[in-house]
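Step one of this worksheet: look at the structure below.
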Amino acid sequence: MSVIPAPVGRFFHKMASPPHFYALAERFIPWLTAILLLLLAAGLYGGLYLAPSDYQQGESYRIIYIHVPAAWMSLFIYVLMAVMAAIALVWRMKLAEVMLIASAPIGAGFTFIALLTGSLWGKPMWGAWWVWDARLTFELILLFQYLGVMSLYGAIEDKRSAAKAVSILALVGVVNVPIIHYSVEWWSTLHQGPTVTKMDKPSIHISMLVPLLLMAVAFKFYYLIAVLQNAKLELLKREATSQWVKTLLEKSA
Amino acid sequence: MTWQVFFDMGGYAFYVWTAYGVTFLVLLINIVLPILQRKQLLRQLILRQKRGQR
Chain A
1 MSVIPAPVGR FFHKMASPPH FYALAERFIP WLTAILLLLL AAGLYGGLYL
51 APSDYQQGES YRIIYIHVPA AWMSLFIYVL MAVMAAIALV WRMKLAEVML
101 IASAPIGAGF TFIALLTGSL WGKPMWGAWW VWDARLTFEL ILLFQYLGVM
151 SLYGAIEDKR SAAKAVSILA LVGVVNVPII HYSVEWWSTL HQGPTVTKMD
201 KPSIHISMLV PLLLMAVAFK FYYLIAVLQN AKLELLKREA TSQWVKTLLE
251 KSA
Chain B
1001 MTWQVFFDMG GYAFYVWTAY GVTFLVLLIN IVLPILQRKQ LLRQLILRQK
1051 RGQR
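Chains A and B are the protein sequences, given in the same order. Note that our numbering has the first sequence beginning at 1, numbered continuously upward. Note that our numbering has the second sequence beginning at 1001, numbered continuously upward.
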C-alpha cells in the first residue's frame, strides 16, 4: 500500500503528463503575468519613490531592490534544480528533467544580475567594481555552475542521458548554496552582512522592507512564467514526434 | 520631488539606472527568447507534418 493517498497520486501523475502540463502552462501564464506586473509596479514605486534614502549610502542604496531579490533567486532556483535533479534521478520523471533544464538559463540570468548590480553598487560605495571577496567569488562560481549545466545538456545528443548527467552535476554543485549564504559570516569580508534574514528583528526599516519583499515575490512570479515558457519549448523539442504534439499541430495549423 | 531630482538619484543616476536597465533587459530576454524559439519550432513542425501528409 502506498503512503500517498490515491487522489493526490492521480493529481501528480496527471500534472506530470506532458500534454496536460503544456495546456495548463498556457492557461496559467496570462494570470501569472498580470500578478507579476502588479507586484513589479508596487515594488518599483515603493522602492524607487516612496522609500526614504539611506542615511549612509544616499540614493545609491536603491540598487538593493533588485540586487538582493536577484541574489536570493540565484540560490532559490539552484535549490529547486537540485530537488528536480533528485526526482529525475530517483524516479526518472520526464517533467522533472524538463523543469531542471528549463530553470538553468533563468538562474544564470538572476546570478548575472546579482553580480552586475552588486558591481554597480560596489563602485560608488566600496570604490571598486570587483573584489575577490568570499561572497562575490562563490556567486561567480554559481554562475559557472548554471552555464555548466546548460552546456553539458546541450553537448549530449540523447536528451535522457543528457538529463541524467546534468542531474548529477546539479546535485553535486548544491554544496555551493550554503557556502554562499554563510560566506558573509564565515569570512571577514567587504560585503555587508544579512539585513533581512536575521533570526531576531530585521535591521531594515519597514518602508524599505516592504518594497524589498514585493520585489522578491515579483521575481518568484517572474521565475514561474519564464520557467513555464522554457519548459514548453523543451517539451515540444523532446516530444516532437509524439501523438499529443501532432494533435496540437493539427489544431494550430 | 521633481522628475529632475528623481532621475538624478542623488548623483548616483548612472549606477542606479544602469542596474535597473540591464536587469530588466536580461529578464525580458529570458522570456522573449523561448517564446520566439517555440513559435519557430511550431512553424517547422507544421511544415514537416504537411509534407508528410502528401
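Cβ coordinates follow ideal geometry from the N, Cα and C atoms, glycine included.
In the three-state reduction of the DSSP assignment, A/Asp-54 falls in the strand class, which pools E and B.
Contacts with chain A at 9 Å (Cβ-Cβ) do not include B/Gln-1004. Taken atom to atom, the span from the alpha-carbon of A/Ser-161 to that of A/Ile-168 is near 11 Å. Among the CB atoms of chain B, one or more fall inside 9 Å of the CB of A/Glu-59.
When only Cα atoms are considered, A/Tyr-55 and B/Leu-1033 end up about 41 Å apart. Within 10 angstroms of the beta-carbon of A/Tyr-49 lie fewer than 16 other beta-carbons, which makes it exposed. Excluding its 5 nearest sequence neighbours in each direction, A/Leu-32 has C-beta neighbours in its own chain below 7 Å: Phe-221, Leu-224 and Ile-225, listed in chain order. A/Gln-229 counts as buried, since at least 16 other C-beta atoms from the protein chains shown sit within 10 angstroms of its C-beta.
For B/Phe-1006, the closest of A/Leu-39, A/Gly-43, A/Ser-60 and A/Tyr-153 by C-alpha to C-alpha distance is A/Ser-60. Segment contact: the region 97–117 of chain A against the region 145–154 of chain A, three or more CB-CB distances shorter than 8 Å; contact assigned. In chain order, Leu-1045 make up the part of chain B whose C-beta sits under 8 Å from the C-beta of A/Val-245.
For A/Gly-154, the three-state secondary structure derived from DSSP is helix.
At a cut-off of 9 Å between beta carbons, A/Ile-77 makes no contact with chain B. Counting C-beta atoms within 10 angstroms of its own C-beta, B/Ile-1029 has fewer than 16 neighbours from the protein chains shown and is therefore classed as exposed.
One finds nothing in chain A with a Cβ atom closer than 9 Å to the Cβ of B/Gly-1021; even the nearest lies about 10 Å away. Sequence-distant Cβ neighbours of A/Ser-207 in its own chain, meaning closer than 7 Å and more than five residues away, are Leu-50, Ala-51 and Pro-52. Taken through DSSP and simplified to helix, strand or coil, A/Val-217 comes out as helix.
Counting only Cβ-Cβ distances below 9 Å, A/Ser-207 has no contacts in chain B at all, with the closest Cβ about 15 Å away.
When rounded, the separation of the alpha-carbon atoms in A/Met-84 and A/Phe-76 is 12 Å. Between the alpha carbons of A/Ala-6 and A/Ser-103 lies a distance of about 29 Å. Within chain A, not a single residue places a beta-carbon under 7 Å from that of B/Arg-1051; the smallest gap is close to 12 Å. The alpha carbon of A/Trp-130 has as its nearest neighbour, out of A/Gly-118, A/Val-177 and A/Phe-138, the alpha carbon of A/Gly-118. Close to chain B, meaning a Cβ-Cβ distance shorter than 7 Å, is no residue of the region 12–35 of chain A at all.
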